[in-house]
Amino acid sequence: IWWLEAAMAAVKRIDRSATIAFSPVGPFLAAGSVAGAIDLSFSTSSVLEIFDLDLASSNGELRLAGAPVQAPERFSRLTWAPGPDPAKFKRGLLAGGLSDGSVCLWDPHQIVRRPAGSRDQLLARLQKHAGPVRGLEFSPLSQNLLASGASEGEVCVWDVADPRSPSLFPPMAKSDAASAQASEITHLAWNCKVAHILATATAGAGVVVWDLKKQRPIITLRDPSSVGAQATRASALAWNPGVATQLVVASDSDARPALQLWDLRNASAPFMELPGHARGVLGLAWSA
329 IWWLEAAMAA VKRIDRSATI AFSPVGPFLA AGSVAGAIDL SFSTSSVLEI FDLDLASSNG
389 ELRLAGAPVQ APERFSRLTW APGPDPAKFK RGLLAGGLSD GSVCLWDPHQ IVRRPAGSRD
449 QLLARLQKHA GPVRGLEFSP LSQNLLASGA SEGEVCVWDV ADPRSPSLFP PMAKSDAASA
509 QASEITHLAW NCKVAHILAT ATAGAGVVVW DLKKQRPIIT LRDPSSVGAQ ATRASALAWN
569 PGVATQLVVA SDSDARPALQ LWDLRNASAP FMELPGHARG VLGLAWSA
């Protein structure tokens, strides 16, 4: 954990190979054993842990809040949201995209307050995807919606109003962007201003913007300088919190690690590039 106002000083740490998510309803951080890595003990097991972000403490180590929870598989993505029913789920909902294609929902309040082995920590396990779920995010405008995307290229939108029995919306219709649908989804993000707009980053077909009302893709963003075998792999994206038509896209290519800023009002090319990274970019976030 870094303190930006103190010249990027590290204030808390824990030795884990993990994907993480901050709590939206309290000073907590969730960490799930990341897929594609092992620890010093060569363990292949997977655990979900929640840590207390007590920044007032002088102890530099993150402290566990509750007991670790065994997960069915290792994590490709983790996301935490207030959820549709804060009165019932006091610390929101925690969702994990796993390496086997499943999506799991946990009640983080039960993880924090109950000992290991509590049966009601895992609310549901959703099995729709065929490969690692690297795209996963709750809608910031409709808290009952959870979107997921994986290596087979399919986008799933789940209604988690009842987290113990989520329902799946009809699959997105194929269109002229069928090639984009077949490409591995590496990340996804809901629009911050328009509830029915969703964007997915892909391994070889650029960024696809979806309209949930029309149930189909409405525009595809492709870097004009990146074509064919040299197509840029989009690794992460984020919408501009203040401008509904703008988003930033990152690539994990070491050859071109710049961030690209796009505006859907003129989507023929990015309107700005932000250099600075020496290697490919694996993650990003846009502060509101």
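Under my numbering, the first residue of the sequence shown is numbered 329, with each subsequent residue one higher.
Cβ atoms here follow ideal geometry from the backbone N, Cα and C, with glycine treated the same way.
Between the beta-carbon of Ala533 and the beta-carbon of Thr514, is there less than 7 Å? Along the sequence shown, one-based indexing puts residue 533 at 205. Along the sequence shown, one-based indexing puts residue 514 at 186. Taking 7 Å as the Cβ cut-off, Ala533 and Thr514 do not qualify as a contacting pair.
Can you tell me whether Phe466 is buried or exposed, with buried defined as 16 or more other CB within 10 angstroms of its CB? Indexing the sequence shown from 1 puts residue 466 at position 138. Burial call: buried.
Give the C-beta separation of Leu390 and Phe403 to the nearest angstrom, bearing in mind that I take them to be a contact with Cβ-Cβ under 8 Å. As a first step, residue 390 is located in the sequence shown; it is residue number 62 there, counting from the start. As a first step, residue 403 is located in the sequence shown; it is residue number 75 there, counting from the start. Going by Cβ atoms, the distance from Leu390 to Phe403 rounds to 17 Å, so no, they are not a contact pair.
Between Gln588 and the rest of its own chain, which residues show a CB-CB distance below 6 Å, the 5 nearest in sequence each way excluded? Start at 1 with the first residue of the sequence shown, and residue 588 comes out as number 260. For Gln588, where only same-chain residues beyond five positions count, the Cβ hits under 6 Å are Val577, Pro598, Glu601.
State the beta-bridge partners of Trp567 as determined by DSSP. Here residue 567 corresponds to residue number 239 of the sequence shown, with the count starting at 1. Answer is Leu575.
Checking 7 Å against the spacing of the C-beta atoms, do Leu612 and Ala564 come in under that value? For the purposes of this step, residue 612 is taken as residue 284 along the sequence shown, with counting starting at 1. For the purposes of this step, residue 564 is taken as residue 236 along the sequence shown, with counting starting at 1. Yes, the Cβ-Cβ distance between Leu612 and Ala564 is below 7 Å.
Curious, which full-length alpha helix (DSSP H) runs of at least 4 residues does the region 440–482 contain? As for any alpha helix (DSSP H) of minimum length 4 sitting wholly inside the region 440–482, there is none.
Could you tell me if Trp486 is buried or exposed, where buried requires 16 or more neighbouring beta carbons within 10 angstroms of its beta carbon? Within the sequence shown, the letter at position 158 stands for residue 486. Taking all protein chains shown into account, Trp486 has 16 or more neighbouring C-beta atoms within 10 Å of its C-beta and is therefore buried.
Give me the residue from Asn594, Lys456, Gly425, Leu392 with the minimum Cα distance to Leu464. For the purposes of this step, residue 464 is identified with residue 136 of the sequence shown, where counting begins at 1. Comparing Cα-Cα distances from Leu464 to each of Asn594, Lys456, Gly425, Leu392, the minimum goes to Gly425.
Any heavy atom of the ligand GTP within a distance shorter than 6 Å of the CB on Cys484? Summarising the ligand content, the structure contains no ligands, and the ligand GTP is consequently not present.
Looking at the unbroken beta strand (DSSP E) that takes in Thr530, where does it start and where does it end? Locating residue 530 in the sequence shown gives position 202, where the first residue counts as 1. Thr530: member of the beta strand (DSSP E) spanning 525–530, first to last residue.
Taking the beta carbon of Phe370 as the centre, do at least 16 other beta carbons fall within 10 Å, making it buried, or is it exposed? The sequence position of residue 370 within the sequence shown is 42, counting from 1. Its Cβ having fewer than 16 others within 10 Å, Phe370 is exposed.
Pick out whichever of Gln449, Ser479, Arg607, Leu516 has its Cα sitting closest to the Cα of Pro468. For this step, residue 468 is matched to residue 140 along the sequence shown. When the alpha-carbon of Pro468 is set against those of Gln449, Ser479, Arg607, Leu516, the nearest one is in Leu516.
Give the DSSP-derived three-state secondary structure of Gln543 in the structure shown. Translated into the one-based positions of the sequence shown, residue 543 becomes position 215. Here Gln543 carries a coil assignment [DSSP, helix/strand/coil].
Per-residue DSSP class, three states only, for Leu381: The sequence position of residue 381 within the sequence shown is 53, counting from 1. Leu381 falls in the coil class under three-state DSSP.
With a threshold of 16 other CB atoms inside 10 Å of the CB of Asp343, please say whether the residue is buried or exposed. In the sequence shown, counting from the first residue as 1, residue 343 sits at position 15. Asp343 should be labelled exposed.
Closer than 7 Å by C-beta to Asp580: which residues in its own chain qualify, once you throw out the five before and the five after it? Chain order, please. On the sequence shown, residue 580 is found 252 positions in, with the first residue counted as 1. Contacts found: Arg561, Ser563, Gly608, Val609, Leu610.
Contacts around Ala399, its chain only, beta-carbon distance under 8 Å, and the 5 residues preceding and following it disregarded: As a first step, residue 399 is located in the sequence shown; it is residue number 71 there, counting from the start. The residues are Gly360, Ser361, Ser374, Val375, Leu376, Gly424, Leu426, Cys432.
Within the same chain, show all residues whose beta-carbon is closer than 7 Å to that of Ala505, passing over the 5 residues directly before and after it, in chain order. The residue given as residue 505 occupies position 177 in the sequence shown. Confidence at Ala505 is low in this model, with a pLDDT of 48, below 50, so the placement of that residue should be treated as unreliable; the coordinate-derived value is given next. Answer for Ala505: Val536, Pro545, Thr548, listed in chain order.
Could you compute how far the alpha carbon of Gly429 sits from the alpha carbon of Ala458? Residue numbering aside, residue 429 sits at position 101 when the sequence shown is read from its first letter. Residue numbering aside, residue 458 sits at position 130 when the sequence shown is read from its first letter. Spanning the alpha carbons of Gly429 and Ala458 requires a straight line of approximately 5 Å.
Just mark Trp330 as buried or exposed, buried being the case when its beta carbon has 16 or more other beta carbons within 10 Å. In the sequence shown, the residue the question calls residue 330 occupies position 2. Exposure of Trp330 is indicated by the presence of fewer than 16 other C-beta atoms within 10 angstroms of its C-beta.
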